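Numbering (our numbering), first residue to last: 179 to 473.
Worksheet for the structure shown next.
Written as structure tokens, this is what we have:
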């Protein structure tokens with residue numbers, strides 16, 4: 179038996195066997211990494227789809243904003259990316275449940291990252307959809323519905339009164355588009371009204387110019403003596419343009435000024451409440467109050 183260990187062939191066989199199982203190998207440890215990759219194809223698919231949905235959405239919006247394609251193309255792509263994100267979430271949940279039922283305990287970082295990416299994008303788009311459903315599909319917001327401030331330098335979009343919702347609504351049947359707009363506007367935004375401020379008209383316009391500049395708006399017209407200002411605001415990655423006009427008139431008996439504001443989206447049917455929020459915040463910052471003026 180001792181002679182066997184002195185045999186060169188035996189010694190070579192033992193050395194080879196030792197080299198195959200050391201250092202610290204268990205016989206299968208050398209295959210752990212390949213097995214994880216081989217056993218996680220769905221994780222890789224979910225990762226690609228989840229990250230791809232978010233990237234597609236960003237590309238759609240920023241590409242539209244940079245002028246590479248029309249905004250309608252970008253919105254269509256975002257819709258497709260949203261559906262892709264939802265599919266990815268369903269796939270990720272299905273794979274997770276299937277693995278648990280099969281007793282698999284492999285690590286799933288790819289599956290998790292892909293699912294989280296899809297959930298973030300789908301959640302954001304879902305929130306935007308919920309906002310769209312909570313406000314009327316209008317894009318023209320004014321503090322004065324009977325006599326909205328008028329643009330003199332900028333041009334009101336030609337289709338401003340087209341496609342106003344409610345034409346088939348029995349409660350608004352027979353009303354003109356502008357009447358339907360006023361009704362929807364008043365119901366959705368009853369707080370948006372003319373505001374009184376204890377400042378003379380020229381000072382209000384000068385203060386409005388400074389505030390608009392601070393907000394990054396492009397001022398296209400300002401006449402302090404006449405109490406008139408027009409500007410263009412740019413919003414979102416799509417770089418949508420909204421036209422803004424401010425009208426300031428002397429209050430009765432010379433007691434300060436009455437401010438009216440109007441904000442109109444240049445494109446699209448619904449503004450998702452953006453114009454209303456702009457009017458609220460601008461007048462609040464300008465006057466220090468959102469109290470409506472009494473007339």
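Here a beta-carbon is modelled for each residue, glycine too, at the ideal position from N, C-alpha and C.
Values in this document were obtained by computation on a predicted structure and should not be read as measured data.
Quiz prompt | Rounded separation between residue 357 and residue 419 - CA only | solution = About 25 Å.
Exercise. Please say whether residue 441 and residue 405 have beta carbons closer to each other than 9 Å?
Key: Cβ atoms of residue 405 and residue 441: not closer than 9 Å.
Self-check item: Contact between the region 452–467 and the region 309–327 (3+ Cβ pairs under 8 Å)
Solution: Enough Cβ pairs lie closer than 8 Å, so yes.
Quiz prompt | Close beta carbons around residue 221, own chain, < 6 Å, minus the five adjacent residues each side | solution = Closer than 6 Å at the Cβ level, and outside the excluded window around residue 221, lie 286, 288, 289.
Quiz prompt | Pair within 9 Å by beta-carbon distance, residue 422 and residue 390 | solution = Contact: yes.
Self-check item: Any C-beta of chain C under 9 Å from that of residue 421
Solution: Of the protein chains in this structure there is only one, and it is not chain C.
Quiz item: Among 372, 397, 345, 392, which residue has its Cα nearest to the Cα of residue 457?
Solution: Cα-wise, what sits closest to residue 457 is 372.
Self-check item: the region 345–354 in contact with the region 395–411 per 3-pair CB rule at 8 Å
Solution: No: fewer than three Cβ pairs fall under 8 Å.
Quiz item: Whole alpha helix (DSSP H) runs in the region 282–370 with 4 or more residues, listed along the chain?
Solution: As far as the region 282–370 is concerned, its whole alpha helix (DSSP H) runs of at least 4 residues are 287–312, 355–366.
Practice problem: Can you tell me which of the three DSSP states residue 445 falls into? | Solution: It is coil, neither helix nor strand.
Practice problem: With DSSP collapsed to three states, give me the class of residue 211. | Solution: Unreliable placement is indicated for residue 211, whose pLDDT of 45 sits below 50; no coordinate value is reported for it.
Quiz item: In angstroms, rounded to a whole number, what distance separates the CA positions of residue 205 and residue 300?
Solution: Residue placement at residue 205 is poorly supported in this model, since its pLDDT is 44, which falls under 50; the coordinates are not used for a value here.
Quiz prompt | In chain order, each beta strand (DSSP E) run of at least 3 residues that lies wholly inside the region 386–425 | solution = Taken in chain order, the whole beta strand (DSSP E) runs of length 3 or more contained in the region 386–425 are 396–401, 406–413.
Quiz prompt | Inter-residue Cα distance where the pair is residue 370 and residue 398 | solution = Answer to the nearest angstrom: the Cα atoms are 24 Å apart.
Practice problem: Counting only the same chain and skipping the five closest in sequence on each side, list residues whose C-beta sits under 6 Å from that of residue 295. | Solution: If the five residues before and after residue 295 are omitted, its C-beta is found closer than 6 Å to the C-beta atoms of 228, 229, 232, all from its own chain and listed in chain order.
Quiz item: Which one of 247, 363, 297, 243 has the shortest CA to CA distance from residue 263?
Solution: Shortest Cα-Cα distance from residue 263 to any of 247, 363, 297, 243 involves 297.
Quiz item: Which term fits residue 439, buried or exposed, when burial requires 16 or more other beta carbons within 10 angstroms of its beta carbon?
Solution: Per the 10 Å Cβ criterion, buried.
Quiz item: Helix, strand or coil: which one does DSSP assign to residue 378?
Solution: Look at residue 378 here: in three-state DSSP terms it is coil, with no helix or strand label.
Exercise. Could you tell me which of 446, 276, 281, 437 sits nearest to residue 379, measuring between CA atoms?
Key: When C-alpha distances from residue 379 are compared across 446, 276, 281, 437, the shortest belongs to 437.
Self-check item: 7 Å Cβ shell around residue 428 - same chain, five flanking residues per side excluded
Solution: So the list reads 379, 435, once near-sequence residues are dropped.
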